[in-house]
Amino acid sequence: GAVVSQHPSWVICKSGTSVKIECRSLDFQATTMFWYRQFPKQSLMLMATSNEGSKATYEQGVEKDKFLINHASLTLSTLTVTSAHPEDSSFYICSAGLAGNIQYFGAGTRLSVL
Amino acid sequence: GQQLNQSPQSMFIQEGEDVSMNCTSSSIFNTWLWYKQDPGEGPVLLIALYKAGELTSNGRLTAQFGITRKDSFLNISASIPSDVGIYFCAGQGGSEKLVFGKGMKLTVNP
Chain A
106 GAVVSQHPSW
116 VICKSGTSVK
126 IECRSLDFQA
136 TTMFWYRQFP
146 KQSLMLMATS
156 NEGSKATYEQ
166 GVEKDKFLIN
176 HASLTLSTLT
186 VTSAHPEDSS
196 FYICSAGLAG
206 NIQYFGAGTR
216 LSVL
Chain B
1154 GQQLNQSPQS
1164 MFIQEGEDVS
1174 MNCTSSSIFN
1184 TWLWYKQDPG
1194 EGPVLLIALY
1204 KAGELTSNGR
1214 LTAQFGITRK
1224 DSFLNISASI
1234 PSDVGIYFCA
1244 GQGGSEKLVF
1254 GKGMKLTVNP
């Protein structure tokens, strides 16, 4: 099956710093990747759709200047949480789309902002 | 954002029992997907359904795409301890975006 790698799996940072999360499709090319946020005991909430070579499309209520997304190649998308604050602490998950509209997910990144 | 109605929200069963869960939507979907998520991990795809009425199996798992295209169910037969986790349904309409259910937490007692 298709493999999506997400790094890091866990990050702790100080308030006010920026954190970058990488999402890679290892054995396929993905023109579209997605970034989700998940709070404890809740479902996945789509934050943005990342398109290779163009600007990301953000969901309503998601600050694009806060959550910077770059999709530099067909196998890599990055999410940068800028000037992180404790309320940004969450589980962030990426997915990459494959033929047949199936999305394969990374293992997630646990962000803790102190 | 939009969410699917997934039920039940949780189930506690004995090892060996079967379990069923379903999702309904007010909107028509072109694709239904079922995922399982373990704690601290990303969702893993279990079954993908593409046609109304389609019935698909993957080992002990069976899922169906409702004929109205507004619902889907997932059955797990002869449950084992490693089936524990959270099961999510997801629907896909005209765009690539997925709409997720709230999840069903499964506990299997050995």
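In order, the protein sequence lines correspond to chains A and B.
Residue numbering for the first sequence follows this note's numbering, starting at 106 and increasing by one per position.
Residue numbering for the second sequence follows this note's numbering, starting at 1154 and increasing by one per position.
Cβ coordinates follow ideal geometry from the N, Cα and C atoms, glycine included.
*Inter-residue Cα distance where the pair is P113/A and T214/A*: Residue mapping note: residue 113/A aligns to position 8 of the first sequence, counting from 1. Residue mapping note: residue 214/A aligns to position 109 of the first sequence, counting from 1. Answer to the nearest angstrom: the Cα atoms are 6 Å apart.
*Write down the C-beta distance between A177/A and V167/A rounded to the nearest angstrom, noting that I regard them as a contact closer than 8 Å.*
Residue 177/A sits at position 72 when you count from the first residue of the first sequence. Residue 167/A sits at position 62 when you count from the first residue of the first sequence. Actually they are not in contact, since the Cβ atoms of A177/A and V167/A sit about 20 Å apart, beyond 8 Å.
*asked:* Taking the alpha-carbon of I1181/B as reference, which of G1195/B, Q1156/B, I1200/B and P1196/B has the nearest alpha-carbon?
replied: Sequence index remark: in the second sequence, residue 1181/B carries index 28 (1-based). Ranking the options by Cα distance to I1181/B, first place goes to Q1156/B.
*Cut-off 6 Å between Cβ atoms - residues of its own chain near G1132/B, not counting five sequence neighbours on either side*: This structure does not reach residue 1132/B, given that chain B is present from 1154 up to 1263, and the question cannot be answered.
*Give a yes or no on whether 9 Å exceeds the smallest Cβ distance from I207/A to chain B.*
Reading the first sequence from its first residue, position 102 is the one you call residue 207/A. True, the Cβ-Cβ gap to chain B drops below 9 Å.
*Can you tell which of T1184/B, I1229/B, R1222/B and Q1162/B has the C-alpha that lies nearest to the C-alpha of L1214/B?*
Taking the second sequence and counting its residues from 1, the one referred to as residue 1214/B is at position 61. The shortest C-alpha separation from L1214/B is found at I1229/B.
*Could you run through the stretch 1197 to 1219 of chain B and flag, in chain order, every residue whose CB is less than 8 Å away from some CB of chain E?*
The question asks about chain E, but that chain is absent: this structure's protein chains are A and B.
*Does the count of Cβ pairs from the stretch 1154 to 1174 of chain B and the stretch 173 to 190 of chain A closer than 8 Å reach three?*
no
*Tell me, please, whether the CB atom of F1241/B is closer than 9 Å to any CB atom in chain A?*
The residue given as residue 1241/B occupies position 88 in the second sequence. It does: the Cβ of F1241/B has a partner Cβ on chain A nearer than 9 Å.
_E168/A in three-state terms, based on DSSP_ = Reading the first sequence from its first residue, position 63 is the one you call residue 168/A. E168/A falls in the coil class under three-state DSSP.
*CB C128/A to CB L216/A, shorter than 9 Å?*
As a first step, residue 128/A is located in the first sequence; it is residue number 23 there, counting from the start. As a first step, residue 216/A is located in the first sequence; it is residue number 111 there, counting from the start. No. Outside cutoff.
*Indicate the three-state DSSP secondary structure (helix, strand or coil) for S1173/B in the structure shown.*
Taking the second sequence and counting its residues from 1, one reaches residue 1173/B at position 20. DSSP places S1173/B in strand when its eight states are reduced to three.
*In this structure, does DSSP put S1163/B in helix, strand or coil?*
As a first step, residue 1163/B must be located in the second sequence, where it is residue number 10. Of the three classes helix, strand and coil, the one that applies to S1163/B here is strand, per DSSP.
_Three-way DSSP call (helix, strand, coil) for E1168/B in this model_ = Taking the first residue of the second sequence as 1, we reach residue 1168/B at position 15. DSSP places E1168/B in coil when its eight states are reduced to three.
_What does the alpha-carbon distance come out to for the pair D1224/B and G121/A?_
In the second sequence, the residue the question calls residue 1224/B occupies position 71. In the first sequence, the residue the question calls residue 121/A occupies position 16. C-alpha separation (whole angstroms): 44 Å.
*If the cut is a Cβ gap below 8 Å, which residues of chain A does K1255/B touch?*
Stepping through the second sequence from its first residue, residue 1255/B is reached at position 102. Per Cβ cutoff of 8 Å: Q147 and S148.
*Please specify which runs of the alpha helix (DSSP H), each continuous and at least 4 residues long, are wholly inside the stretch 110 to 138 of chain A, giving them in chain order.*
none
_S182/A - DSSP class collapsed to helix/strand/coil_ = Walking along the first sequence from the start, residue 182/A turns up at place 77. Correct three-state label for S182/A: strand.
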